[in-house]
Structures are given as structure tokens and as C-alpha cells.
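Asks: Just dropping this structure here.
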Amino acid sequence: MNLRAENVSKKYVRQTGSANYFEAVSSLSISLEAGQLTVLTGRSGSGKTTLMHMLAGLLVPDTGKVFLGSSDLYAMTDPELARERNGHIAVIPQSRSGIESLTVWENILLPRLLYSASSREEAAAEWMERLEIQSLRNAYPKELSGGELRRMAIARAMTWNAEVILADEPTGDLDTESTGKVLSILRDAAHRDGKTVLLVTHESEAAAFADRIFRMDGGKLAEIDYKYTTCTF
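To get our numbering, take the position in the sequence shown, counting from 1, and add 162.
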């Protein structure tokens with residue numbers, strides 16, 4: 163499923179300094195295609211996460227539009243947008259995302275239970291085993307390490323089986339072996355399963371898995387021709 167942004171921008175109010183706002187994302191357009199793993203890189207504060215949140219239907223842009231297929235996400239009512247997002251977009255956030263009162267198992271299954279009669283328990287068990295967190299089934303998020311929380315979020319997104327996967331630094335707390343495994347999982351989701359995958363990352367290893375690479379700098383977006391350029395994130 164195609165996901166595209168057309169001339170989106172986002173400004174935030176600045177309480178100090180000479181300007182009363184800063185532009186996190188300048189007016190830009192990007193199209194993410196089914197069957198491709200797109201990597202988005204750039205230094206901290208360059209606007210990567212802001213752009214991803216606008217693409218995910220989580221942050222209303224100041225200007226421009228975001229389309230999921232032919233659907234204009236921000237023309238929808240809040241309930242319509244929530245249902246569209248839950249049905250088609252899986253987000254792996256950079257921050258802690260587990261609900262503290264739920265077990266790992268319940269956190270992984272929760273997105274499908276909100277709007278679907280299918281809990282996908284078999285898929286959840288398979289992803290927990292693949293990501294080596296099956297022993298944490300009855301644990302709570304506060305009992306997990308950063309890497310375990312990250313793998314729980316990845317298992318939840320993959321169990322979701324959404325057409326679009328948006329991952330914000332999914333390998334940030336993982337060791338080298340686990341990082342390679344997660345990058346392979348995201349590449350397979352695109353190439354084998356035909357999903358639309360965006361990976362926001364600082365990991366230089368991601369270049370070897372990418373179909374396209376974009377870099378953000380000061381809210382501006384540029385595509386990198388990584389086949390002919392040494393790509394260091």
C-alpha cells in the first residue's frame with residue numbers, strides 16, 4: 163500500500179531565542195512504495211521522527227496532505243483516522259510504548275483486539291520466539307530491559323500484520339546480532355511480504371538492506387544515491 167506525503171511541513175513554538183518558532187519539517191514530499199524498504203537517516207533533531215509521525219497519522223501537519231492509498235488521512239474524523247491507522251499502519255516507536263498494567267503477551271496482542279475479532283495469537287507466539295522473548299510472556303514492561311522492550315514493540319508490529327510498517331530506531335538498544343536480525347525482518351517484510359516499510363535509523367548497516375535512502379538535515383529531505391556514494395549515517 164502506497165503511503166505518501168505532499169508538501170507537508172511542521173513548526174513548533176520556541177520559547178527562547180530570536181525566533182518564536184522553529185521549523186522541524188520544511189515543506190517536503192515523499193512517497194513510500196509497497197515492496198520497498200526505505201531508510202531515513204539524519205542527525206538528532208533533523209526532523210526524522212516528526213516526519214514519521216505525520217506519515218503515521220499521529221501528528222497533523224501544518225501544511226500539506228498525507229495519503230494512505232487514496233485516503234487523505236487528515237481529512238478524516240478522529241474515529242475514522244484511528245480505525246484507518248489501526249487497520250493498516252504499524253508503528254515501532256523509539257520511546258517506551260508498553261502499557262505498564264499489561265503483560266508482554268497482552269501488549270503484543272492489544273492492537274488487533276481493539277478493532278478485530280482475530281487476536282492472531284499464533285502469529286504473536288511465533289514472533290516472540292523469533293525475537294527470543296517467549297520467556298517474558300507474563301512479564302510486565304517495567305521488568306524489561308531496553309532491548310527487551312524494543313523486541314516487544316517489534317513483535318507487536320509484526321503480529322499486527324499491517325500493510326505499512328514505520329520503525330523509529332528499532333535497533334537502538336540491541337546488540338550486533340539482534341540488529342542484523344531486525345534489519346533482516348524488516349527487509350523480508352518489504353521484499354517477501356510486499357509491505358511498505360520505513361526505517362528511521364542511525365545504523366550504517368541499514369544501507370545494505372535498503373532499497374532507497376533519504377537523509378534529513380534541518381527539516382529538509384534529500385535522497386542519497388547510495389549505490390555510488392559511501393553512506394555513513
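C-beta atoms are modelled at their ideal positions from N, C-alpha and C, and glycine is treated no differently.
Can you look up residue 338 in the DSSP assignment and give me helix, strand or coil?
Replies: Indexing the sequence shown from 1 puts residue 338 at position 176. Three-state result, residue 338: helix.
Asks: Measure the beta-carbon distance from residue 329 to residue 254 and round it to whole angstroms, keeping in mind my assumption that it falls under 8 Å.
Replies: The sequence position of residue 329 within the sequence shown is 167, counting from 1. The sequence position of residue 254 within the sequence shown is 92, counting from 1. 4 Å between Cβ atoms; contact.
Asks: Any heavy atom of the ligand ZN closer than 7 Å to the beta-carbon of residue 262?
Replies: With respect to the ligand ZN, the structure shown offers nothing to examine, as it has no ligands at all.
Asks: From the DSSP output, in three-state form, read off residue 169 for me.
Replies: If you number the sequence shown from 1, residue 169 lands on position 7. Residue 169: strand per DSSP, three-state reduction.
Asks: Rounded to a whole number of angstroms, what is the C-alpha to C-alpha distance between residue 188 and residue 176?
Replies: Residue mapping note: residue 188 aligns to position 26 of the sequence shown, counting from 1. Residue mapping note: residue 176 aligns to position 14 of the sequence shown, counting from 1. So the alpha carbons of these two residues sit roughly 16 Å apart.
Asks: Any idea what DSSP makes of residue 210, helix, strand or coil?
Replies: Looking up residue 210 in the sequence shown gives position 48. Reduced to three states, the DSSP call for residue 210 is helix.
Asks: Would residue 170 and residue 225 qualify as a contact pair, given that the criterion is a beta-carbon distance under 8 Å?
Replies: To locate residue 170, count along the sequence shown from 1; it is residue 8. To locate residue 225, count along the sequence shown from 1; it is residue 63. A contact, by the Cβ cut-off of 8 Å.
Asks: What does the alpha-carbon distance come out to for the pair residue 231 and residue 209?
Replies: Along the sequence shown, one-based indexing puts residue 231 at 69. Along the sequence shown, one-based indexing puts residue 209 at 47. In a straight line, the C-alpha of residue 231 is about 24 Å away from that of residue 209.
Asks: Would you check if the distance between the CB atom of residue 212 and the CB atom of residue 362 is smaller than 8 Å?
Replies: Here residue 212 refers to the residue found at position 50 when the sequence shown is read from its first residue. Here residue 362 refers to the residue found at position 200 when the sequence shown is read from its first residue. Contact flag unset, no.
Asks: With DSSP run on the structure shown, which of helix, strand or coil describes residue 357?
Replies: Here residue 357 is taken as the residue at index 195 of the sequence shown, counted from 1. Coil, per DSSP.
Asks: Taking the beta carbon of residue 372 as the centre, do at least 16 other beta carbons fall within 10 Å, making it buried, or is it exposed?
Replies: The count along the sequence shown starts at 1 and reaches residue 372 at position 210. With 16 or more Cβ atoms within 10 Å of its Cβ, residue 372 is classed as buried.
Asks: Can you tell me where the beta strand (DSSP E) with residue 225 in it begins and where it stops?
Replies: Here residue 225 refers to the residue found at position 63 of the sequence shown. Per DSSP, residue 225 belongs to the beta strand (DSSP E) from 225-230.
Asks: Where does residue 261 land, buried or exposed, given buried means 16+ other C-beta within 10 angstroms?
Replies: For the purposes of this step, residue 261 is taken as the residue at position 99 of the sequence shown. Classification of residue 261: exposed, given that the 10 Å Cβ count is below 16.
Asks: Please name the residue in 198, 258, 293, 297 whose C-alpha comes closest to that of residue 331.
Replies: Position 169 of the sequence shown, counted from the first residue, corresponds to residue 331. If we check each option's Cα against that of residue 331, 258 comes out closest.
Asks: Between which two residues does the beta strand (DSSP E) holding residue 378 run?
Replies: Locating residue 378 in the sequence shown gives position 216, counting from the first residue. Residue 378 -> beta strand (DSSP E) spans 374-379.
Asks: If you draw a straight line from the alpha carbon of residue 359 to that of residue 206, how long is it in whole angstroms?
Replies: Here residue 359 corresponds to residue number 197 of the sequence shown, with the count starting at 1. Here residue 206 corresponds to residue number 44 of the sequence shown, with the count starting at 1. So the alpha carbons of these two residues sit roughly 21 Å apart.
Asks: Considering just the uninterrupted stretch of the alpha helix (DSSP H) at residue 240, what are its terminal residues?
Replies: Reading the sequence shown from its first residue, position 78 is the one you call residue 240. That run of the alpha helix (DSSP H) goes 240-250.
Asks: Just the C-alpha distance for residue 308 and residue 314, rounded to the nearest angstrom, thanks.
Replies: Locating residue 308 in the sequence shown gives position 146, where the first residue counts as 1. Locating residue 314 in the sequence shown gives position 152, where the first residue counts as 1. Between residue 308 and residue 314, the C-alpha separation is close to 10 Å.
Asks: Return yes when the Cβ of residue 201 is within less than 8 Å of the Cβ of residue 368, no when it is not.
Replies: As a first step, residue 368 must be located in the sequence shown, where it is residue number 206. As a first step, residue 201 must be located in the sequence shown, where it is residue number 39. Yes, the Cβ-Cβ distance between residue 368 and residue 201 is below 8 Å.
Asks: What residue from 337, 172, 165 has the CA that sits closest to residue 380's CA?
Replies: Your numbering for residue 380 matches position 218 in the sequence shown. The shortest C-alpha separation from residue 380 is found at 172.
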